[in-house]
Amino acid sequence: MKFERYGIGIAKGLALTLKHLFRAPITVQYPDEKLNVSRRTRGNELVWFPDKCTGCGTCTKACLQGNIILVTHRGEENKFIVDKFELDSGRCIFCGLCVESCPYNALAMGVDYECAKYRRGDAVLGKEKLSLSEKHKPSAYYRPQFAAELPEQSLLLYNRKEGGQKLSIFPLSKRKRGPHA
Amino acid sequence: MTLLDQFQLILKSQNWPDWAVYLVPALVGIIIIISVVLTVVIVYIWWERRLISRFQIRLGPNRCGPEGIFQPIATAVKILLKEDIVPEKADKLIHFIAPITVFVPILLIFAVVPFGEGAILADLNVGIVYVIAISSISVIGIFMAAWASGNKYSFISGMRSIAQMVSYEIPVVLSIVGIALVVGSFSMLKIVEAQNIPFILLQPLGFLIFFLGSLAEMNRSPFDLLEADSEIVAGYHIEYSGMKFAMFYLGEYGVALAYAGIITTLFLSGWQGPLLPPVIWFLIKVMMVFSVIVWIRSTLPRFRVDQLTAFAWKFMLPLAVINLVLIAIEVLVIPANLQWTMVLINFGFAAVLILLWSKLFTLGGGRVEV
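Chains E and A supply the protein sequences, listed in that same order. Start counting the first sequence at 0; every next residue gets the next number (numbering that gives the first Met the number 0). Start counting the second sequence at 0; every next residue gets the next number (numbering that gives the first Met the number 0).
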């Protein structure tokens, strides 16, 4: 005797939605609350380490877009000195090939994702903008040594590790900010 | 004696002219009812959006005011400011009249909904019959809108609406007759006063039939075939915008409020309840009924057209007839002071009948698809 035909299926469905009523919502109210992205994200704006870079130009050859402009001159002890290291983040497809190809770990992907600009010119990043800073951090993509500094990825605002899903029906508008915010 | 009659007596004792004695209380009553209805409808819109989002583990609107309470007002302002577009090939006059034809009958229903003891605009002795008669008119408005838009999707929606209303009117009326048999009157006030035991306990099968039927009458999910967004875009109001669309939108929630009020009156013992004042009890029960409607909307998918009509004619209509015969026999046989035995008998019969009829009820040449 299949009970699904006697309205039990409907009752099961109703019970499921009723259970949802007492769960914390999974909505992330984005500009106020942010989740942590993956530590291996290929985020915007690469990070360039000038002291490690030898100016060999492997990254410019690996770039599918031909997007990296590298100008060098010969300095002391026959070493290259980088005059210009420039890429247009508007043309970059963030494939990560330049990072993978770099033999001296002088390039890394960034973790930022809010890098919209008002003018096209601002999207062209030179030496200063690409180098490491407080706001401008490298991701662990192909560079596992940076992973320890980055926060762990979060998929829910309320996950079970951080105190479980809370029963909260009404005062939701003024929720606590997420771990990344 | 209703509050309206008392008001008239007071005016008469103050030596007001006869026409004023008749007119002033009626106008005051109408204004009060309309403002209460529109306020509750706005609360309804907010409550539905919040509640359904909680059922779907979302947050719902929470930006506009505390907990998003001003969102429906913002929506209303947005809709009213929009341009009123009439299609070139539309039947202009009918396109204009249709929203009014939908909205006015819904307001008329509230004339006989008792909000409290004596708080009723017109205590008709055929109250519930009046409700059935009036609520059928808005179907014509929907069909007018559908036809006058000159749009194939809206026309499909109009045809569906007619089929749906014609099918579901009959079981709904039959389940109301069961109540009238027990009470011995069609008056809404008498029906409430007769409910020492709420009729949801006394007639569980009748309640189920009336509830499902009224879901279909108010075009609510899972019977929202005529506005099926995924199939026919928005149904009958596809070519409407601005104020005219607002009429449909208000009408949709107004009819939900009206039917929630009627269900409360007929089956949940209306304004009766301990401690709190009657009006508060009435509103609490109405909100509960509406919340169940939202719950069902958030859970069940839409019916197919053939399933819809088959469910009305093959399942609800026979059950409604059997229920009516059962109630008639019980009213004759069981004395009035033994109503609790009637409750037990009716629950037993409801369970057996629903099981039996689910067994018999099949679609598509005996294939099990329900």
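Don't be surprised by glycine CBs; every beta carbon is placed ideally from N, CA and C.
Task: Contact check, valine 98 of chain E vs lysine 136 of chain E, beta carbons under 8 Å - done: Position 99 of the first sequence, counted from the start, is the residue given in the question as residue 98 of chain E. Position 137 of the first sequence, counted from the start, is the residue given in the question as residue 136 of chain E. No, they are not a contact pair.
Open item on the list: Let me confirm a value: lysine 81 of chain A is counted as buried when at least 16 other C-beta atoms fall within 10 Å, else exposed. Which label applies?
Closed with: Along the second sequence, read from residue 1 onward, the residue named residue 81 of chain A stands at position 82. Exposed, by the Cβ-count rule.
Task: Neighbour list for proline 24 of chain E in chain A, Cβ cutoff strictly below 9 Å - done: As a first step, residue 24 of chain E is located in the first sequence; it is residue number 25 there, counting from the start. Those within 9 Å of proline 24 of chain E in chain A are Ser52, Arg53, Gln55, Ile56, Arg57, Leu58, Gly59.
Task: Same chain, Cβ closer than 6 Å to leucine 131 of chain E, neighbours up to 5 away in sequence not counted - done: Within the first sequence, residue 131 of chain E is the residue found at index 132, counting from 1. Correct list, in chain order: Val46.
- [ ] Tell me glycine 42 of chain E's beta-bridge partners as DSSP assigns them.
- [x] Position 43 of the first sequence holds residue 42 of chain E. Answer by DSSP bridge pairing, in chain order: E:Gly109.
TODO: Compute the Euclidean distance between the alpha carbons of alanine 118 of chain A and glutamine 28 of chain E, then round it to the nearest angstrom.
DONE: By one-based count along the second sequence, residue 118 of chain A stands at place 119. By one-based count along the first sequence, residue 28 of chain E stands at place 29. Approximately 45 Å, taken between the alpha carbons.
TODO: Consider the Cβ of isoleucine 7 of chain E: report whether some Cβ of chain A lies at a distance smaller than 8 Å.
DONE: As a position in the first sequence, residue 7 of chain E is number 8, starting the count at 1. Not an interface residue.
- [ ] Have a look at A:Val128, A:Leu214, A:Ser137 and flag the residue whose alpha-carbon is nearest the alpha-carbon of phenylalanine 185 of chain A.
- [x] Stepping through the second sequence from its first residue, residue 185 of chain A is reached at position 186. Among A:Val128, A:Leu214, A:Ser137, the Cα nearest to that of phenylalanine 185 of chain A belongs to A:Val128.
Open item on the list: Given this structure, state the Cα-to-Cα distance separating leucine 37 of chain A from valine 254 of chain A, to the nearest angstrom.
Closed with: Taking the first residue of the second sequence as position 1, residue 37 of chain A is located at position 38. Taking the first residue of the second sequence as position 1, residue 254 of chain A is located at position 255. Cα to Cα, the separation comes out at about 12 Å.
TODO: Taking isoleucine 68 of chain E as part of the beta strand (DSSP E), name the residues at either end of that continuous run.
DONE: Translated into the one-based positions of the first sequence, residue 68 of chain E becomes position 69. 67-73 is the extent of the beta strand (DSSP E) around isoleucine 68 of chain E.
TODO: Verify the contact flag: tyrosine 258 of chain A, CB atom, against every heavy atom of the ligand FAD, threshold strictly below 7 Å.
DONE: Summarising the ligand content, the structure contains no ligands, and the ligand FAD is consequently not present.
Task: Option nearest serine 134 of chain A by Cα separation, candidates A:Ala257, A:Leu282, A:Ile279 - done: Residue mapping note: residue 134 of chain A aligns to position 135 of the second sequence, counting from 1. With distances taken between Cα atoms, serine 134 of chain A lies closest to A:Ala257.
Open item on the list: Beta-carbon within less than 7 Å of serine 172 of chain E's beta-carbon, same chain only, minus the 5 sequence neighbours each way: which residues are those?
Closed with: As a position in the first sequence, residue 172 of chain E is number 173, starting the count at 1. Unreliable placement is indicated for serine 172 of chain E, whose pLDDT of 40 sits below 50; no coordinate value is reported for it.
Task: Below-8 Å beta-carbon distance, serine 297 of chain A vs any chain E residue - done: For the purposes of this step, residue 297 of chain A is identified with residue 298 of the second sequence, where counting begins at 1. Yes, its Cβ sits closer than 8 Å to a Cβ of chain E.
Open item on the list: I want to see whether chain A comes within less than 8 Å of leucine 20 of chain E, judged by CB atoms only; does it?
Closed with: Indexing the first sequence from 1 puts residue 20 of chain E at position 21. Answer yes: the Cβ-Cβ gap between leucine 20 of chain E and chain A drops below 8 Å somewhere.
Open item on the list: Please give the ranges of any beta strand (DSSP E) in the stretch 135-169 of chain A, keeping only runs that are unbroken, at least 3 residues long and fully inside the region.
Closed with: none
Task: Cβ-Cβ distance between isoleucine 33 of chain A and leucine 106 of chain A below 8 Å - done: Locating residue 33 of chain A in the second sequence gives position 34, counting from the first residue. Locating residue 106 of chain A in the second sequence gives position 107, counting from the first residue. Cβ atoms of isoleucine 33 of chain A and leucine 106 of chain A: closer than 8 Å.
Open item on the list: Please tell me whether threonine 16 of chain E has its Cβ less than 8 Å away from any Cβ of chain A.
Closed with: To locate residue 16 of chain E, count along the first sequence from 1; it is residue 17. True, the Cβ-Cβ gap to chain A drops below 8 Å.
Task: glutamate 76 of chain E - DSSP class collapsed to helix/strand/coil - done: Sequence index remark: in the first sequence, residue 76 of chain E carries index 77 (1-based). Correct three-state label for glutamate 76 of chain E: helix.
- [ ] Could you please give me the residues that DSSP links to aspartate 87 of chain E through a beta bridge?
- [x] The residue labelled residue 87 of chain E in the question sits at position 88 within the first sequence. The partner list for aspartate 87 of chain E (beta bridge, DSSP) reads E:Val123.
Task: Partners in chain E for tryptophan 45 of chain A, counting only beta-carbon separations shorter than 8 Å - done: The sequence position of residue 45 of chain A within the second sequence is 46, counting from 1. Result: empty, since nearest Cβ-Cβ is about 13 Å, beyond 8 Å.
- [ ] Taking serine 153 of chain E and glycine 42 of chain E to be in contact with their CB atoms under 8 Å, please state how far apart those CB atoms are, rounded to whole angstroms.
- [x] The residue labelled residue 153 of chain E in the question sits at position 154 within the first sequence. The residue labelled residue 42 of chain E in the question sits at position 43 within the first sequence. About 16 Å; that fails the 8 Å criterion.
Open item on the list: Which residues of the stretch 66-88 of chain E have a Cβ closer than 7 Å to any Cβ of chain A? Give them in chain order.
Closed with: none
Task: Length at least 4, wholly inside the stretch 225-273 of chain A: the alpha helix (DSSP H) runs in chain order - done: 228-231, 241-266
Open item on the list: So, under 8 Å CB-CB, isoleucine 199 of chain A and phenylalanine 266 of chain A are touching, yes? Tell me the CB distance rounded to an integer number of Å.
Closed with: For the purposes of this step, residue 199 of chain A is taken as residue 200 along the second sequence, with counting starting at 1. For the purposes of this step, residue 266 of chain A is taken as residue 267 along the second sequence, with counting starting at 1. Confirmed, Cβ separation roughly 4 Å.
TODO: Would you identify the three-state DSSP class for tryptophan 18 of chain A, choosing helix, strand or coil?
DONE: As a working mapping, residue 18 of chain A is identified with position 19 in the second sequence. Three-state DSSP puts tryptophan 18 of chain A in a helix.
- [ ] List the endpoints of the continuous alpha helix (DSSP H) containing histidine 135 of chain E.
- [x] Walking along the first sequence from the start, residue 135 of chain E turns up at place 136. Where histidine 135 of chain E is concerned, there is no enclosing alpha helix (DSSP H), given that its DSSP letter is neither H nor E.
Task: Through-space distance from tyrosine 239 of chain A to glycine 177 of chain A, alpha-carbon basis - done: The residue you call residue 177 of chain A lines up with position 178 of the second sequence. The residue you call residue 239 of chain A lines up with position 240 of the second sequence. One C-alpha to the other measures close to 40 Å.
Open item on the list: For a test of the three-state rule: what should DSSP assign to lysine 11 of chain A, helix, strand or coil?
Closed with: Position 12 of the second sequence, counted from the start, is the residue given in the question as residue 11 of chain A. The answer is helix: DSSP assigns lysine 11 of chain A an H, G or I state.
Open item on the list: By DSSP's criteria, valine 381 of chain A is part of a beta bridge. Which residues make up the other side?
Closed with: Absent from the model: residue 381 of chain A. The displayed extent of chain A is 0 to 369, so no value can be given.
Task: arginine 296 of chain A: first and last residue of the uninterrupted alpha helix (DSSP H) it sits in - done: The count along the second sequence starts at 1 and reaches residue 296 of chain A at position 297. Residues 277-298.
TODO: Can you tell me which of the three DSSP states valine 389 of chain A falls into?
DONE: Missing from the structure shown is residue 389 of chain A; chain A here goes from 0 to 369 and no further.
Task: Contacts that glycine 12 of chain E makes with chain A (C-beta to C-beta distance below 7 Å) - done: To locate residue 12 of chain E, count along the first sequence from 1; it is residue 13. Neighbours of glycine 12 of chain E on chain A, chain order: Thr298, Leu299.
Task: For glutamate 99 of chain E, the first and last residue of its enclosing alpha helix (DSSP H) - done: Locating residue 99 of chain E in the first sequence gives position 100, counting from the first residue. From DSSP, the alpha helix (DSSP H) with glutamate 99 of chain E extends over 96-100.
- [ ] Have a look at leucine 318 of chain A and isoleucine 279 of chain A and give me their C-alpha separation to the nearest angstrom.
- [x] The count along the second sequence starts at 1 and reaches residue 318 of chain A at position 319. The count along the second sequence starts at 1 and reaches residue 279 of chain A at position 280. C-alpha separation (whole angstroms): 34 Å.
Task: Pick from A:Ile333, A:Gln163, A:Met246 that is closest to proline 104 of chain A, judged by C-alpha positions - done: As a working note, residue 104 of chain A is residue 105 in the second sequence. Ranking the options by Cα distance to proline 104 of chain A, first place goes to A:Met246.
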